[in-house]
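These protein sequence lines map, in sequence, to chains A and B. For the first sequence, my numbering gives the first residue as 1, with consecutive numbering after it. For the second sequence, my numbering gives the first residue as 1001, with consecutive numbering after it. C-beta: ideal position from N, C-alpha, C; glycine also. On a predicted model such as this, the values are computed, not experimentally measured, just so you know. In what follows, a single structure is set out as structure tokens and then discussed.
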Amino acid sequence: EVQLVESGGALVQPGRSLRLSCAASGFIFDDYAMHWVRQAPGKGLEWVSGINWNSDSLDYADSVKGRFTISRDNARNSLHLHMSSLRAEDTALYYCAKDHRSSGGALDIWGQGTMVTVSS
Amino acid sequence: DIQMTQSPSTLSASVGDRVTITCRASQSIDHWLAWYQQKPGEAPKLLIYDAGSLQSGVPSRFSGSGSGTEFSLTISSLQPDDFATYYCQQYNSDWGTFGQGTKVEVK
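This is how it looks when you write it as structure tokens:
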């Protein structure tokens, strides 16, 4: 079964850091690009970051550029998002999503999300 | 950055209705567009990719069309399971921008 399981969400104070992880199974992980997408409570979807199959191409939304770092470990079938200088507006459910291509396409498999709350 | 604008924001419809949602890109994205369905408390589900290709397992009442800057998602005969929020997403020049969503609600 194709599956993505996120972890690492927590309640964190503004200005602090947090690392999210996504464990992938049921498909050849290093054949596909991977993404993080977030959804603030009661709001729409916001693409956060994406990384191609071999990590030589990646990008970020302007809202997180310079603060978030995406990475992947193909040997461990895992995706990560290191978030620093967190702000209240980063509060959201963070989804890990599989691309249907090796670089920049539609998102065909989604995890159930991990919640990040930034508050003092 | 490419901006995606969906219309309408909310659509009231009845079971059996033909429903069309529109998505407009701020610049040409060729056919690099996807449509997703999201129900409350669930992760989004891919319906359509490359503007008009139906994702495996998605009912044939869903269809997508368009190219360049104008796109549409059509549900030919709305079913009870289709009341949800729908999002478009472009994946042309940058990695991905979503529209703001269209909620399809019971009329």
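Simplified DSSP assignment, three categories, for residue i
| i | result |
| --- | --- |
| A:Phe-29 | helix |
| B:Asp-1081 | helix |
| A:Asp-90 | helix |
| A:Lys-65 | coil |
| B:Arg-1024 | strand |
| B:Tyr-1086 | strand |
| B:Asp-1001 | coil |
| B:Ile-1029 | coil |
| B:Thr-1069 | coil |
| A:Asp-99 | strand |
Of the residues the options, the one placed nearest residue i, counting alpha carbons only
| i | options | result |
| --- | --- | --- |
| B:Ser-1065 | B:Pro-1059, B:Gly-1057, B:Thr-1074 and B:Val-1058 | B:Thr-1074 |
| A:Asp-99 | A:Leu-93, A:Trp-47, A:Ala-92 and A:Asp-108 | A:Asp-108 |
| A:Cys-96 | A:Phe-29, A:His-35 and A:Ser-17 | A:His-35 |
| A:Val-37 | A:Leu-20, A:Ala-10, A:Asp-30 and A:Gln-3 | A:Leu-20 |
| A:Ser-25 | A:Arg-67, A:Gln-13, A:Val-5 and A:Pro-41 | A:Val-5 |
| A:Ser-55 | A:Gly-111, A:Trp-110, A:Ser-103 and A:Gln-112 | A:Ser-103 |
| A:Ala-23 | A:Leu-86, A:Arg-76 and A:Tyr-32 | A:Arg-76 |
| A:Gly-8 | A:Met-83, A:Arg-101, A:Ser-120 and A:Gly-105 | A:Met-83 |
| B:Ser-1076 | B:Ala-1084, B:Tyr-1087 and B:Ser-1063 | B:Ser-1063 |
Whether residue i touches residue j by CB criterion (8 Å)
| i | j | result |
| --- | --- | --- |
| A:Ala-88 | A:Val-118 | yes |
| A:Gln-13 | A:Ala-92 | no |
| B:Gln-1089 | B:Ile-1002 | no |
| B:Pro-1044 | B:Tyr-1087 | yes |
Residue span of the beta strand (DSSP E) that contains residue i, given as start and end
| i | result |
| --- | --- |
| A:His-82 | 78-83 |
| A:Arg-38 | 34-39 |
| B:Gln-1038 | 1033-1038 |
| A:Gly-118 | The sequence given here has Val at residue 118 of chain A, not Gly. Its beta strand (DSSP E) spans residues 114-118. |
| A:Gly-50 | 45-51 |
| B:Ala-1013 | 1010-1013 |
| A:Glu-6 | 3-7 |
| A:Tyr-60 | 58-60 |
The ligand SAM heavy atom lying under 7 Å from the CB of residue i
| i | result |
| --- | --- |
| A:Leu-107 | Ligands in the displayed structure: none, and consequently the ligand SAM is not present. |
Beta carbon proximity, residue i to chain E, threshold 8 Å
| i | result |
| --- | --- |
| B:Tyr-1091 | In the displayed structure, chain E is absent; the protein chains listed are A and B. |
The stretch 1007-1017 of chain B touching the stretch 1025-1043 of chain B, judged by at least three CB pairs closer than 8 Å: These segments do not touch.
Whether or not the stretch 1077-1084 of chain B and the stretch 1050-1058 of chain B are in contact is what I'm after, with contact meaning three or more pairs of Cβ atoms, one per stretch, closer than 8 Å; do they touch? Touching, no, given that fewer than three Cβ pairs across the two stretches are closer than 8 Å.
Report yes or no: do three or more beta-carbon pairs, one from the stretch 50-64 of chain A and one from the stretch 1086-1097 of chain B, lie closer than 8 Å? They touch, by the three-pair rule.
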